[in-house]
Amino acid sequence: MWLHGGGYVIGGLNTHARACASLAERARCVVVAVDYRKSPEHKFPAASDDGFASFRWIREHAAELDADPTRVALGGDSAGANLGAGICHRLRDAGEPQPTQQVLVYPSTCSAPIDDAPFPSRVHFAKGAMLTEQMMAWFHEQYLRSPEDATDPLVSPLLSPRFDDLAPAIIRTAGFDPLRDEGHAYAEALRAAGIPVDYRCHERLIHGFLTMGGASPSNREAIFELGDDLAIALAA
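So in the UniProt record's numbering, the last one in the sequence shown is 236, and the numbering has no gaps at all.
What follows is the structure in C-alpha cells.
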C-alpha cells in the first residue's frame, strides 16, 4: 500500500502513478495507491483515518488483489510517509498486526515549528529546492485543526513515547532536503527500540526524487534501488 506525498493538500493517484508502477515492477509486487482525503477541506486526522481503514481493507482483501495477505507492506513519501509511520503506531496501539515492512521515503516526522526543531537541515535548506520551510508551514496550516495538533504523535511520530513493536523499516532521505535530519532521527529512534532499519541518505538528491525519475539518472537509480530493496524485504 502506498500513500502519496503532497503536504496533505495536493497530489494523488496520477502524480504518483509512474512511481508506484516502478516500485511494483522492481519489487515484483502489487501496489495499491490510496487517494486519501485532502486538506483543508478534511483536516487531521482524516487522512490518517483513511490510510488506517485502507490498510485494514487491503490486508483483509489481499487475495482478491492477487496479493499475499501475509506480506503486506505499508509505504509512502513525504506527507504520505508521515501518514504511514503514524498508521504503524495506530496499528500497534490497537493491538493489530504490523505490516511486513514500513517504507518511508523522505518522511516528515516532526511538525514542530523550526525554532523548536533541532534539525540543521531544516535551517540549511529552508529555502531549498522543491520544499521550503514556508511551504511546510503553509501545508501544516491547511492540515492541522490547531497548533496543538503539531505535537500529536500521529502528526509528529518522532514525538511518540514509544517505538517498540513496530514493523521493520526501509527509510530513504535526500541530502538536499529540509526533512533529511528528522528522517534520520526517526531511523535512529526505531533502531534504539530494537526495530530493524535499512536507512540510506541519497546525498546528491533533493526532496521529491521519487516522482522525478525522468529528471535524472540518479533519481531513477534511487527509485530502482528502493524497489529492489523492497523485493528483498518482502521475500525474507
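Positions of the beta carbon are idealized from the N, C-alpha and C atoms, including for glycine.
> Quick check: the segment 122 to 136 against the segment 157 to 170, are there 3 or more CB pairs under 8 Å?
Replying inline: no
>> Which residues does DSSP list as the beta-bridge partners of TYR186?
In response: According to DSSP, which records beta bridges pairwise, TYR186 is partnered with nothing at all.
>> Quick check: the Cα distance between GLU25 and SER156, rounded to an integer number of angstroms?
In response: 32 Å
> Is the CB-CB distance between ALA67 and VAL30 below 7 Å?
Replying inline: yes
> Can you name the start and end residues of the alpha helix (DSSP H) that GLY86 belongs to?
Replying inline: 79 to 93
>> Tell me the DSSP secondary structure of CYS110 in three-state form.
In response: coil
> CB PRO107 to CB GLY183, shorter than 7 Å?
Replying inline: yes
> So the alpha helix (DSSP H) ARG26 belongs to, where does it begin and stop?
Replying inline: Here the alpha helix (DSSP H) through ARG26 covers 17 to 27.
> What's the C-alpha gap between GLY11 and ARG37?
Replying inline: 11 Å
> Out of curiosity, what's the CA-to-CA distance linking GLY194 and SER78?
Replying inline: 24 Å
>> With distance defined between alpha-carbon atoms, name the residue in LEU23, PHE44, PRO147 and TYR186 nearest to GLY213.
In response: LEU23
> What do you reckon, are the CB atoms on THR109 and LEU158 nearer than 7 Å?
Replying inline: In contact: THR109 and LEU158 (Cβ atoms closer than 7 Å).
> Hey, is GLY5 close to the ligand HEM, as in C-beta under 6 Å from one of its heavy atoms?
Replying inline: Looking at this structure, you won't find the ligand HEM or any other ligand, since it has none at all.
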